[in-house]
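K.L.:
Got a structure here, written out as structure tokens. Questions coming.
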Amino acid sequence: MYTLVAIAGLGILCLIAEIFNLRKAIVPITILGLLGSLVLNVADYGKTLSYFNNMIITDTFSVAFTSLFIILAIFLIALTPVVHKEHKAKISDFVAIKLFLLTGAIAMVTFGNLAMFFLGIEILSISLYVLAASEPKNLKSNEAGMKYFLMGAFASGIILFGIALIYGAIGSFDTGVIYGALLENNNVPGWFFIGIVMLTIGLLFKIAAVPFHFWAPDVYEGSPTLTTATMSTLTKVAAMASFFKLMTTLNRTVPGSYITIISIVAILSMTVGNIMALRQNSVKRMLAYSGISHAGFMLMVFFSPTFTAGTLFYYAAAYTLAGIASFAVVLFVCTNKENEDVYNFNGLGKTNPLMAGILTCSLLSMAGIPIFSGFFAKFFLFHQVFSSGHVAIVIVAIINSIISLGYYFKLIIAMYTKESTAEKQTVPFTYGAVALIALVLNIAMGLYPSFALELIFR
Amino acid sequence: MENILQQIGIENYIYLSTLLFCIGIFGVLYRRNAIVMFMSVEIMLNAVNLLLVAFSTYHQDASGQVFVFFSMAVAAAEVAVGLAILVAVYRNLNNIDIDNLKNLKG
Amino acid sequence: MDVSFVLIILLFGAAATFFVGDKWASKAALFFSTAAFAAAIYVTYLFNQGMGVDLTMNWIKAPRILINFQGDGLSLSMLLLTTALTPIIILASFKNSIPKARSFYALIMFMAFAMAGTFLSADGFVYYIFWELSLIPIYFIALIWGSGDAESRRKSVIKFFIYTFAGSIFMLIAFIYLYQRTGSFLNIHLYRAFLTPQEQFWIFLAFFLAYAIKIPIIPFHTWQANVYQKSPTAGTMLLSGIMLKMAIYSIIRWQLPIAPNPAAEYMYVLIGLCIAGVIYGSILALKQDDLKKLLAYSSLAHVGLIAAGAYTLTLDGLRGAFLQMIAHGFVVVGLFYAAEIIQRRYNTTEISQMGGIRIQTPKFTSMFMILVLASVALPSTFNFVGEFELLYSMAQTNIWFAVIGGTTIILGAFYMLRMFQQVMLGEQNAKLFADITFGEGFVFVIIIAVLLFFGLYPKPIVDFITPDLQKILLQINRFN
Amino acid sequence: METNLALLLLLAPFAGFLLNIFFGKKLGKTVSGTLGTLTVAVSFAVTLFFFLQVNSTKVPVMVDLFEWLTMANFKVNFGFQLDQLSLLWLMFVTGIGTLIHVYSISYMHDDENMHKFFAYLNLFVFFMIILVMGSNLLIMFIGWEGVGLCSYLLIGFWYKNQDYNDAAKKAFIMNRIGDLGFLIGIFIIGYLFHSVDYNTISTAIATGAEVDMGWLSIAALCLFIGACGKSAQIPLYTWLPDAMAGPTPVSALIHAATMVTAGIFMITRMNFLFNLAPDVQNIIAIVGAITSLVAAAIGLVQNDIKKVLAYSTVSQLGLMFLALGLGAYEIAVFHVITHAFFKACLFLGSGSVIHALHGEQDMRNMGGLKKVMKITFITFLISTLAISGLPPFSGFFSKDEILMTAFHHNKALWIIASLASIMTAFYMFRLLYLTFYKSFRGTEEQKHHLHESPSLITFPLIILAALALVGGLISLPGSSWLNHYLAPVLAKPAVHHELDGTAYMLMGLAVVGALIGIGIAYTKYIKQALVPAQESEITGFAKVLYNKFYVDEIYTAIIVKPLYALAAFFRDVTEALFSSVIFGLGKAVNMLSNEGKTIQNGSIGFYLFAFVLGLCSIIVYIFLAK
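Chains as they are written, first to last, in numbering that gives the first Met the number 0: chain A, 0 to 457; chain B, 0 to 105; chain C, 0 to 479; chain D, 0 to 625.
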């Protein structure tokens, strides 16, 4: 709980710091602050606490995910000053918005009440609308912001309608009460379930699952790259975690048809995401589609939600760490470039072997090649889905893993076998450091998967 | 209040707000003017607000009404951001027809 | 000291090679690979003394995965093969000026590490990790240091990677399934799983996909020739000398003991497929214009025979497969080295541009000739020992297998001698062919010495592997 | 002691090989040649020692070195067996080997790679010794393939000429076809007897072990196929005439005297097995007879001096197989020995002629050499008479035994064999007349250089001619030393023909037949002084003969060409097909991806529409599913 307050406070501090012309100190202070909140957060580990009439509940699940979000936010904020080095005045805004975004994300996993959940998701979304459209003179950014905003608002409406229906059926926003009511009484009104479905759809939109994914490639491409990084890492797993938490607490009476829908959506997401990614020129678009397919993979956790919290966390961590590392390289390569097309990466293996190596490893991790954590994530996931008896979907997932190699390797091939088009540049320290640390964490998780896997218990 | 609700029946509130919600959806789908689309979204949100209030009364529970305040605040914040984006688009394109926003695709 | 020591040397060697820089990379790689070989010999010695060389460590609790490296006759002999060939392969690249040498040699070392790990792992999951891990270095070696038109190289290399990956991931599913049944990935536990015939069928199929693509058995071989041709020779040697042995080793170590029923039931289909590969590869090798491609198809034929032997489920077949794996490993490395030496001087692998080399270089000719003869399994070479036992095992299954599979000794002689004639013999080539240097000759001499020694005295290897093969055979026959 | 001596016998030529291959060039031609010769001579000396020992003690010398191969149900030892049969073979292998080495010192003196020649020759002797000495079938197989290798190396000795290389390759591959048969035979025997040792198998058979007779016959047949390859029998004989591309000493040693008789050696070795397979014996006899006739017929019209001798060799080998098929192993062996003498002599003689004519091999360009090359002529004449089967030359005795055996078994075989003999007499004398009689038909240049060969060449000729003259003594009709000597290694007692009227009649007939052949040759080439026509002028059946019944062409058409066509088909069609299936999958997915791009059209309206559609369909589905 204190984490949430601390981070929100940190955001405000940033804005105040701008007033006092402490621009240079903003990022270091924020990072220190975030590290502090990380400690605060970890201090709560292992306990189940509730605050403000159950508005906020912290358990191992929320602590684990909150820590992940904070770490991701540290990476993203660390990248901010380099990206915006030409608009120093904006730094405080960007940092503050990201901190608010983080607040929203944390609220999304620590909620004990649907009101908190709704606030969290809206804080997150609104911050993202701003970030997506944060280059007002760039039409692409405008378009991205507009698309994201319109569809996001639409989705918010749906989520809200769902919440209203649930409230109508049970008479409370408190997840504990809802859980209890469901336990006692199986005979809930029919619209309760519609409410769940509408909530589900709203969250499927947030994690960009097919057929609610259309915004993702366009918005990813149009947004400034750092925002894309935020969306594809922090936002995606926040929505996923929140989704998971909601479904495990609210959806006690899951009918078979709900699982069918999830599996259809999962299969569609994987397949459409992977197939569409094959022919993309823009790396950001490609990563957007890859993100869609990963969302599909992550949806598979719902087949046996009682056991898969750890797997989801592992998968989320693996995916986001790889994502952060790749986006750091993309940011580095595509600074001062018109677009993020693959040809910009030509010859990176020669001009900058370190960054090329990091990107390669991250892509391999996303593709699920041992010994990167992405492989273990997929393995644990397949293992659990297999135990729950859904063999067919595992086979589909595997075929998709094979297809996904096609586009990941397209980029790798470009880096190593094509002639460079650009001059050799020196790597700014932050890019290198962020990418390297993310990669090291990634590999460490691969070498010692038990730690992350067993972080969440009940 | 209780009596009124019992007289009219909660179902009718649900139907009404669903209808409103659907009008909002159709507005979003049908219109191409960004401002009108915003307004349609607002209709959707307000339909929900109506529903929440109705349920709140139905359950004799104040939290539904509190929630409406949240949602109104959020909607206001949303629209603020949305309009800002709209202005940016207008500055670049000189109109706010969303059909002009088709550069990102594929 | 346990077997992991060898792995550590290789891994450390890879890192050290990378960090000493381009100038010293090749020497460092040679040093560490030789050290690994020495360590492997020492471990084998310990094993023969009856000392335990296994390593067991807990790794992941749920699902329960152990890091378990097991040294027995089979895995140690393959470990020795790997570590013996690696310095040879590194030595064979010495004369080439390789750009970014440190990455190149580090990748070779890393690949050796991954392959050695594959041979040693007793835990199916760890085995799978090493199995996949070995794919990455060869992918980069072929991609970055390969020859030929860049676009088609990219195409064939990516095809190779996706194809082999696709095959192996089904193996992972098989392992996951087995884990559901037994609660363990350890091979000894998996052997004991009582699977219904239908379960065995699917497990067998999943394994088969992985192995058939890697070996390769037709019709899964299409990646092979192009990759062999386009890889740098060191890469080709790694692929053909060691990597495809991983698959045959795995058949014997994993596939057959875990799911013996389908192997027995579909024996004729399997052997038939393998033998079809023998004939197909041999015939294809008759009409190749590219030396490395020709050798690739010859390799296809040879490994087809090895796989056929393994699928006979007889002691002779398994042992023959093992012996022939080792023999083929050496001979194919030697042959590709010969191709490399020609390529160094003529800058081409087109057979039509060769010929008339013998006049200029008697030493090289003799060595190349011996390798060709070993490749066609002339008695008194190691390859004959293996091929004889393989064909004998097939004869026990059905005499026609031996007859049809045996045509390889005719067709093999046909294409190899034809190749030798076109490459080496005839009127003097207009282009100058410098005789081989001491270093180059040294590599050949080692290979030839191994081939001839074990050709005449294979008993040490036979005695070393037979007890463990019998254990495997016991597992294979446990349902009968 | 015996082990060491046996190893000396075996390894001396190998040492010669090593020395020559590594140091030959430095040692110089004469030293290299002498070294090569001496090592073989050492082997000969040791063989002689063993021969005398075994001849007196009658106890074979067995040497077991180490375990070589381990199969599931049998083991193969690296062991040697010096018994009557192997020693007999060793005698003439090393003996004639030594002579031919001596001959080669002079013959090959102008060749820049002489040391290699001797190295290969030594290696050949080494492998031949292994073949003969081995105590089991697999050791024999080492030698078997080893001599094939040396044959390959020596046929292609002048490797600059791709035609020669083709011939070498052909020899190796055709041998390999036979070798596959041999291998299969070994497999079956190993499977049946759990051993491939001669002694074990023969004991098993002698003690009446229960063996599947059907498989046994198949094994015998497979072994015979192996023998066919090595000993150039139908249908695998075509490599031998082509093998004449090698230097003449090679033809003499390998392709006449020793290597090609390996098939006979093997069948004699396994006589106990073949005795149990009468069907296979019949096949052997028929194949042998037909081979002898066909080869002799082709030999009638050939113009290349070495080709004639080559076909004659095939034909004579056919006769030996005929004898084998009839169960008369000792007679086959007898003919092997006499044939080794006179055929080696003939080849060396022809080599001497070729040497004198600087490589000319076409008999149409020879003639009248009688006067210039006296020694060559006389030795050649003796050998020709021997091969034609005229008494008292050695060939008469051995060939007559074969004919007599055939007569007693099957008259048709006897007629075929006799016909072949008559033809032999004809073409051999045709050869003799065309080469040595009348006047010289070559160029002036050649005529100018005509000379008798040096003594190193003539010396072996004289010895061989002497042996060809008196070789028949070892197995005179009635009292045969050879039959007696070989008795321990043969399962059945030797066929004994009474010297009755029939026998004398047959001898007479054989002599008359030979004289008829000689007579025809005499009328044609001496009386009418005909010279064989140019290729274009040959017509009718002669043309078919001249073109060797078009067998090579047929083989090319039905085996080699289709194989190449298949290879090209596989390469261009099936490989592309397999490949396109895989690439096709990738392409299909890529196409799908391209199509998918049109759906992602950038319109918010459409996106929202899809959103709502998804929403509605999910809700509808949920209700329907309920």
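Quick reminder that beta carbons are idealized off the backbone N, C-alpha and C, glycines included.
Can you tell me the Cα-Cα spacing of C/Leu-294 and D/Val-572, whole angstroms?
P.N.:
Here residue 294 of chain C corresponds to residue number 295 of the third sequence, with the count starting at 1. Here residue 572 of chain D corresponds to residue number 573 of the fourth sequence, with the count starting at 1. When rounded, the distance between both Cα atoms is 20 Å.
K.L.:
Taking a contact to mean a Cβ-Cβ separation below 9 Å, would you say A/Tyr-128 touches B/Ile-84 in this structure?
P.N.:
As a first step, residue 128 of chain A is located in the first sequence; it is residue number 129 there, counting from the start. As a first step, residue 84 of chain B is located in the second sequence; it is residue number 85 there, counting from the start. Taking 9 Å as the Cβ cut-off, A/Tyr-128 and B/Ile-84 qualify as a contacting pair.
K.L.:
Taking Cβ positions only, does D/Ile-621 come closer than 9 Å to chain A?
P.N.:
Within the fourth sequence, residue 621 of chain D is the residue found at index 622, counting from 1. Interface residue, yes.
K.L.:
Using a Cβ-Cβ cutoff of less than 6 Å, which residues in the same chain neighbour C/Ala-28 once the five nearest sequence positions on both sides are dropped?
P.N.:
For the purposes of this step, residue 28 of chain C is taken as residue 29 along the third sequence, with counting starting at 1. Answer for C/Ala-28: Thr-16, Ile-89, Tyr-104, Met-108, listed in chain order.
K.L.:
Whole angstroms is fine: what's the gap from D/Phe-425's alpha carbon to D/Thr-260's?
P.N.:
Start at 1 with the first residue of the fourth sequence, and residue 425 of chain D comes out as number 426. Start at 1 with the first residue of the fourth sequence, and residue 260 of chain D comes out as number 261. If I take the Cα positions, the gap works out to 24 Å.
K.L.:
Using 9 Å as the limit for Cβ to Cβ distance, is D/Gly-184 near chain E?
P.N.:
In the structure shown, chain E cannot be found, because the protein chains are A, B, C and D.
K.L.:
Hey, is the stretch 378-386 of chain A in contact with the stretch 291-307 of chain A, meaning 3+ C-beta pairs nearer than 8 Å?
P.N.:
yes
K.L.:
Please report whether the beta-carbon of C/Leu-54 lies at a distance below 9 Å from any beta-carbon of chain A.
P.N.:
Along the third sequence, read from residue 1 onward, the residue named residue 54 of chain C stands at position 55. Taking Cβ atoms only, chain A never reaches closer than 9 Å to C/Leu-54, which makes this a no.
K.L.:
Please tell me whether A/Met-115 and A/Ile-55 are closer than 9 Å, where the distance is taken between their beta carbons.
P.N.:
Position 116 of the first sequence holds residue 115 of chain A. Position 56 of the first sequence holds residue 55 of chain A. Going by C-beta atoms, A/Met-115 is nearer than 9 Å to A/Ile-55.
K.L.:
If you compare alpha carbons, which of A/Met-239, A/Gly-346, A/Ala-215 is closest to A/Phe-296?
P.N.:
Locating residue 296 of chain A in the first sequence gives position 297, counting from the first residue. Checking every option, the nearest Cα to that of A/Phe-296 belongs to A/Met-239.
K.L.:
Can you tell me whether D/Glu-594 is helix, strand or coil according to DSSP?
P.N.:
Start at 1 with the first residue of the fourth sequence, and residue 594 of chain D comes out as number 595. Helix.
K.L.:
Go through its chain and collect everything with a Cβ distance to D/His-338's Cβ below 6 Å, but skip five positions before and after it.
P.N.:
Translated into the one-based positions of the fourth sequence, residue 338 of chain D becomes position 339. Here the set comprises Gln-315.
K.L.:
Less than 6 Å between C-beta atoms, sequence neighbours within five positions excluded: which residues of the same chain meet that for D/Gly-142?
P.N.:
If you number the fourth sequence from 1, residue 142 of chain D lands on position 143. Closer than 6 Å at the Cβ level, and outside the excluded window around D/Gly-142, lie Phe-126, Ile-129, Leu-130.
K.L.:
Run through DSSP, which three-state label would A/Tyr-50 get?
P.N.:
Position 51 of the first sequence holds residue 50 of chain A. The answer is strand: DSSP assigns A/Tyr-50 an E or B state.
K.L.:
Return no unless some Cβ of chain D is closer than 9 Å to the Cβ of C/Tyr-210.
P.N.:
Locating residue 210 of chain C in the third sequence gives position 211, counting from the first residue. Answer no: the Cβ-Cβ gap between C/Tyr-210 and chain D never drops below 9 Å.
K.L.:
If the cut is a Cβ gap below 8 Å, which residues of chain A does D/Ala-624 touch?
P.N.:
Walking along the fourth sequence from the start, residue 624 of chain D turns up at place 625. Near D/Ala-624 (Cβ distances below 8 Å), the residues of chain A are Pro-254, Gly-255, Ser-256, Thr-259.
K.L.:
Since B/Arg-31 meets chain D, which of its residues come closer than 8 Å, beta carbon to beta carbon?
P.N.:
Walking along the second sequence from the start, residue 31 of chain B turns up at place 32. Going along chain D in sequence order, the residues near B/Arg-31 (Cβ under 8 Å) are Gly-604.
K.L.:
Against chain B, with Cβ distances strictly below 9 Å, would D/Val-631 count as a contact?
P.N.:
A question about residue 631 of chain D goes unanswered here, because the residues of chain D that appear run from 0 up to 625.
K.L.:
Which residues, in chain order, does the stretch 212-231 of chain A contribute to contact with chain D at a C-beta distance below 7 Å?
P.N.:
Phe-213, Trp-214, Pro-216, Asp-217
K.L.:
Can you pull the chain D neighbours of A/Ile-411, defined as C-beta to C-beta under 7 Å?
P.N.:
On the first sequence, position 412 is the one that residue 411 of chain A refers to. Simply none; closest approach about 17 Å.
K.L.:
Would you call A/Asn-20 buried or exposed, if buried means 16 or more other Cβ atoms sit within 10 Å of its Cβ?
P.N.:
The count along the first sequence starts at 1 and reaches residue 20 of chain A at position 21. When all chains shown are included, A/Asn-20 counts as exposed.
K.L.:
Listed from N- to C-terminal order along the chain, which residues in the stretch 380-406 of chain A have their beta-carbon within a distance smaller than 7 Å of any beta-carbon of chain C?
P.N.:
Phe-381, His-382, Phe-385, Ser-386, Val-393, Ile-397, Ser-400, Ile-401, Leu-404, Gly-405
K.L.:
C/Ser-74 to C/Thr-360, Cα distance in whole Å?
P.N.:
Taking the first residue of the third sequence as 1, we reach residue 74 of chain C at position 75. Taking the first residue of the third sequence as 1, we reach residue 360 of chain C at position 361. Using only the alpha carbons, I get a separation of about 39 Å.
K.L.:
Comparing C-alpha positions only, which one of C/Pro-261, C/Leu-416, C/Ala-262, C/Ile-282 sits nearest to D/Leu-155?
P.N.:
The residue labelled residue 155 of chain D in the question sits at position 156 within the fourth sequence. Note on identity: in this sequence residue 155 of chain D is Gly, with Leu being the wrong assignment. Comparing Cα-Cα distances from D/Gly-155 to each of C/Pro-261, C/Leu-416, C/Ala-262, C/Ile-282, the minimum goes to C/Leu-416.
K.L.:
To the nearest angstrom, how far is the alpha carbon of A/Gly-156 from that of A/Thr-319?
P.N.:
Position 157 of the first sequence, counted from the start, is the residue given in the question as residue 156 of chain A. Position 320 of the first sequence, counted from the start, is the residue given in the question as residue 319 of chain A. If I take the Cα positions, the gap works out to 28 Å.
K.L.:
Using DSSP with H/G/I as helix, E/B as strand and the rest coil, what is C/Gln-480?
P.N.:
Summary: the structure shown does not reach residue 480 of chain C, with chain C confined to residues 0 through 479, and so no result is reported for it.
K.L.:
Which residues in the same chain as C/Val-2 place their Cβ atom closer than 6 Å to its Cβ, once the five residues preceding and following it in sequence are excluded?
P.N.:
Along the third sequence, read from residue 1 onward, the residue named residue 2 of chain C stands at position 3. Around C/Val-2, the same chain offers Val-42, Val-52, Phe-68, Gly-70, Leu-119 as residues with beta carbons nearer than 6 Å, after the five sequence neighbours per side are excluded.
K.L.:
From the DSSP secondary-structure annotation, give me the bridge partner or partners of D/Gln-80.
P.N.:
As a position in the fourth sequence, residue 80 of chain D is number 81, starting the count at 1. D/Met-61.
K.L.:
Tell me which residue opens and which closes the alpha helix (DSSP H) that C/Phe-68 is part of.
P.N.:
To locate residue 68 of chain C, count along the third sequence from 1; it is residue 69. No alpha helix (DSSP H) holds C/Phe-68; the beta strand (DSSP E) holding it covers 64-68.
K.L.:
Can you pull the DSSP bridge partners for C/Glu-349?
P.N.:
To locate residue 349 of chain C, count along the third sequence from 1; it is residue 350. Beta-bridge pairing links C/Glu-349 to C/Asp-289.
K.L.:
So with Cβ pairs under 9 Å, would you call D/Ser-592 a contact of chain A?
P.N.:
The residue labelled residue 592 of chain D in the question sits at position 593 within the fourth sequence. So yes, D/Ser-592 belongs to the interface.
K.L.:
For chain A, check one thing: does any of its Cβ atoms lie closer than 9 Å to the Cβ of D/Val-210?
P.N.:
Mapped onto the fourth sequence, residue 210 of chain D falls at position 211. No, D/Val-210 does not count as interfacial toward chain A.
K.L.:
Could you tell me the boundaries of the alpha helix (DSSP H) in which D/Leu-316 lies?
P.N.:
If you number the fourth sequence from 1, residue 316 of chain D lands on position 317. Here the alpha helix (DSSP H) through D/Leu-316 covers 304-324.
K.L.:
Alpha carbon to alpha carbon, how far is B/Arg-31 from C/Gln-228?
P.N.:
For the purposes of this step, residue 31 of chain B is identified with residue 32 of the second sequence, where counting begins at 1. For the purposes of this step, residue 228 of chain C is identified with residue 229 of the third sequence, where counting begins at 1. Those two C-alpha atoms are separated by around 58 Å.
K.L.:
Hey, out of C/Ile-241, C/Ala-37, C/Ala-412, C/Phe-46, whose CA is closest to C/Leu-84's CA?
P.N.:
The residue you call residue 84 of chain C lines up with position 85 of the third sequence. Closest by alpha carbon: C/Ile-241.
K.L.:
Does any residue of chain B bring its CB to less than 9 Å from the CB of A/Asn-141?
P.N.:
The residue you call residue 141 of chain A lines up with position 142 of the first sequence. It does: the Cβ of A/Asn-141 has a partner Cβ on chain B nearer than 9 Å.
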